[in-house]
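Which chain is which? The protein sequence lines are A and B, in order. Heads up: the first sequence runs through residues 15 to 296, numbered per my numbering. Heads up: the second sequence runs through residues 20 to 349, numbered per my numbering.
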Amino acid sequence: MTKRRKIRMRTIVVHLLAWGVALIWMIPFLGIFSTATRPTSEVAFGWWQLNRYHPTLDNFISALTEPRFSISIGYVNSLIIAVPATLVPIFVASLAGYGFSRFSFPMRDYLFLSIVLLMSVPAQMVAIPVFQIMVNLDLVDNQLSLILLHTAWGLPWIILFMRNFFTALPLEVEEAARVDGASDLKIFFRIVLPMAIPAFASAGILQFMWVWNDFFFALILIYTTDKMPATLLVPKLAAGQQLTDWGLLSAGSILVLIVPLALYVLLQKYYIRGMIGWTIKG
Amino acid sequence: MREALAGIRRSLRLPSFLHRGGGDQRTARLGPRARKTATRVVFLAPALVLVIFLVVYPVLQTVYLSFVTPQGTATLGNYERVITDPTTLNPAGLPWPPPLGTLLHNALWIAIHLPISLFFGLWLALILREVKGSSIVKSAIFLGMVTPMIVGGVMLRFLFEQGPGVVPAFFDAAGIPSLARSWLLYRETALLGLIFGSVWLWTGFSLIVYSAGLTTIPKDYFEAAKIDGTPPHRMFFRITFPLLRPMTLVIITMTLLWELKIFDIVYAAVDRSGGTRGSADVLSLQMYRYFVTGATNPVYYGLAAVVATLLTLLTLVGTAWLFRRMVKRG
């Protein structure tokens with residue numbers, strides 16, 4: 015009897031701890047939500063003071079329409095950059111990943127390992143030369159430069175990811191097609207690519223989020239406000255005032271945060287699979 | 020090298036990863052040799068061109084820039100200048116409060132943030148096995164990983180600001196006035212605030228990886244140990260933790276890389292000068308400032324290249340450590 019009670023106690027304690035931690039972890043999110051949805055003057059003594067709470071969307075509207083750093087233009091720019099910077103590397107990396115998984119050539123594994131090692135290079139390590147390259151190509155302050163850079167930057171891990179996926183695919187169908195005289199490219203486009211759609215979803219969601227969340231590369235390559243992705247505009251919402259307009263800043267933060275958040279919630283399965291596959295591949 | 024690859028493959032428990040051999044038999048089924056070569060080029064060339072052009076060449080060029088003057092003469096002066104700069108290492112600030120220099124700030128970040136987020140994530144992953152609605156708890160904690168780091172930085176600033184922030188209000192209520200002010204404005208608390216705050220952003224990573232790892236351990240192990248009467252702490256140290264080793268290595272490396280590269284958080288939470296007298300400055304921020312100055316004074320490109328190269332060296336040490344540990348095991 016006492017043993018059962020002890021187990022009961024333990025269950026309760028463990029639940030309290032786990033849910034308590036989850037609650038504490040949510041506090042900052044609750045904070046910016048509470049701040050974004052009412053006039054800034056009401057949060058001077060803490061967003062948790064709810065005795066005066068006048069819900070309003072004013073902060074969101076000003077963040078979206080503020081002429082100097084409108085988040086709505088930032089949204090469009092982020093999409094203009096992130097969509098091609100997701101699709102192109104996935105396609106290019108699939109070709110390469112397939113090559114690494116199916117063909118044999120001298121130094122293949124060394125080449126592959128070298129590419130994988132590039133995953134650990136910090137962004138700072140390429141900043142100066144990339145900037146100079148883009149100056150020479152006259153692409154500084156042009157979103158194309160960011161698309162190119164993100165494409166190249168995403169390739170190493172997507173190649174690793176796609177290669178692992180292709181190597182795990184059964185060979186029979188491809189072999190049958192080859193016997194029927196199909197070329198490598200035809201096999202790749204007609205047979206392999208359609209089977210790889212779940213892998214594309216996993217790689218795509220991670221790459222899209224990485225590009226959407228990126229700040230450093232954009233900071234180095236984009237200088238005009240109306241070409242900036244949304245992340246670059248966030249610190250601008252806070253700058254230039256004596257007192258931080260927390261309502262505006264919170265609203266802007268939520269607007270930038272909501273896109274990766276929604277993707278994560280809607281496509282959690284693919285996200286986690288991509289994440290785990292990318293790190294441990296269990 | 021071949022054994023190394025096999026070792027990595029085995030320790031990652033990946034029949035496929037870095038798989039050697041399989042492709043050779045497949046090659047035999049391809050057509051004439053010329054066509055084969057052409058096809059390989061089509062498959063690999065686009066990726067290689069992009070990677071060489073925008074990753075490999077820039078990396079080498081940065082190393083080169085770190086060793087030359089703007090006129091192109093070889094020099095170690097850039098390294099000397101960066102390492103003797105109090106921004107990088109500030110012995111006068113030791114032991115406390117910051118600024119201690121970016122190198123030590125990043126080291127401090129690793130020393131505090133790595134063990135806390137690793138073990139906290141592990142502990143959560145362990146207890147969540149017995150919790151109802153654990154997927155909701157996991158998602159809540161994982162939110163920090165999905166958050167753009169620039170927004171994460173804004174949220175940290177919000178968290179620690181006197182007035183709207185929870186943390187100063189908490190310490191005010193607890194009767195500790197020295198912590199009841201805007202943490203990030205003061206040298207004594209800015210760096211620590213950011214480091215503890217970043218635990219909030221990053222714990223989700225170790226939680227998710229450990230949770231995935233725990234599902235790969237067969238239940239029989241625990242049941243057998245239970246029947247033998249093994250006490251829980253022994254079960255943990257003898258069974259669970261050793262079996263989670265690959266996950267631990269991955270988490271340590273990824274966390275280490277993240278801590279070394281930390282940028283957006285500090286940029287948004289304090290400013291690009293690294294806060295009051297640089298008390299929360301970090302290597303990547305220092306590199307960025309040098310880069311900006313480089314536009315008008317090319318000497319600074321050399322200094323920026325030095326900081327970037329040091330950052331990469333530290334990163335490579337971390338990665339190499341992971342690979343060696345994995346190979347040793349295999």
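The beta carbon of each residue, even a glycine, is placed where N, CA and C say it ideally should be.
Check                                                                                                                : Outcome
For Thr36 of chain A: DSSP bridge partner residues                                                                   : Residue identity check: residue 36 of chain A is Ala in the sequence provided, not Thr. Paired residues: none, contrary to the question.
Chain-ordered residues of the region 139–152 of chain A with a beta carbon less than 7 Å from chain B                : Met139, Val140, Ala141, Ile142, Pro143, Val144
Within-9 Å CB hit, Pro274 of chain A to chain B                                                                      : yes
DSSP bridge partner residues for Val87 of chain B (one or two, in chain order)                                       : B:Ala93
Neighbouring residues, chain A, relative to Glu149 of chain B (Cβ below 9 Å)                                         : Arg24, Thr25, Val28, His29, Ala32
Beta-carbon neighbours of Trp260 of chain A, restricted to chain B and to distances below 7 Å                        : Phe177, Pro183
Segment limits, alpha helix (DSSP H) that includes Phe177 of chain B                                                 : 168–179
Coarse secondary structure for Ala199 of chain B, derived from DSSP in three states                                  : coil
Cutoff 9 Å: Val206 of chain A Cβ touching any chain B Cβ                                                             : no
Check whether Ile142 of chain A and Tyr320 of chain B have beta carbons under 9 Å apart                              : yes
Same chain, Cβ closer than 6 Å to Leu141 of chain B, neighbours up to 5 away in sequence not counted                 : Tyr229
is_contact[Tyr76 of chain B, chain A] using C-beta, thresh 9 Å                                                       : yes
Proximity winner among B:Pro265, B:Ser298, B:Val74, B:Thr312, relative to His164 of chain A (alpha-carbon distances) : B:Val74
Selected residue, minimal CA-CA separation from Tyr219 of chain A, among A:Ile21, A:Leu101, A:Ser86                  : The amino acid occupying residue 219 of chain A in the given sequence is Ile; Tyr does not appear at that position. Ile219 of chain A has its Cα closest to that of A:Leu101, out of A:Ile21, A:Leu101, A:Ser86.
Cα-Cα separation between Phe282 of chain B and Trp128 of chain B, rounded to whole angstroms                         : 12 Å
Residues that Trp219 of chain B contacts on chain A, provided the C-beta gap is smaller than 8 Å                     : Trp39, Pro42
Cβ neighbours of Ser84 of chain A in the same chain (closer than 7 Å, five flanking residues each side left out)     : Leu78
DSSP-derived helix/strand/coil call for Gln63 of chain A                                                             : coil
Continuous alpha helix (DSSP H) assignments of at least 4 residues falling wholly in the region 285–341 of chain B   : 302–313
Pairwise C-alpha distance: Leu123 of chain B and Met306 of chain B                                                   : 15 Å
Ala213 of chain A versus Gly288 of chain A - alpha carbon distance                                                   : 8 Å
Under 7 Å from the C-beta of Gln80 of chain B: neighbouring residues of chain A                                      : Pro143
Whole runs of the alpha helix (DSSP H) within the region 91–160 of chain B, excluding any shorter than 4 residues    : 96–103, 121–147
Interface flag, Ile236 of chain B vs chain A, CB-CB below 9 Å                                                        : no
Inter-residue Cα distance where the pair is Val279 of chain A and Pro98 of chain A                                   : 22 Å
Sub-9 Å separation of Thr58 of chain B and Asp155 of chain A beta-carbons                                            : no
Boundaries of the alpha helix (DSSP H) in which Lys250 of chain A is found, first to last residue                    : 244–252
Three or more C-beta pairs below 8 Å linking the region 253–268 of chain B and the region 221–238 of chain B         : yes
Given 8 Å, three or more beta-carbon pairs between the region 37–49 of chain A and the region 160–174 of chain B     : yes
Residue-chain proximity (Glu180 of chain B, chain A), Cβ-Cβ < 9 Å                                                    : yes
Contact with chain B by Pro184 of chain A, beta-carbon distance below 9 Å                                            : no
Within chain A, partners of Ser292 of chain B - CB distance below 7 Å                                                : Those do not exist, as Ser292 of chain B stays about 13 Å from chain A at its closest Cβ, beyond 7 Å.
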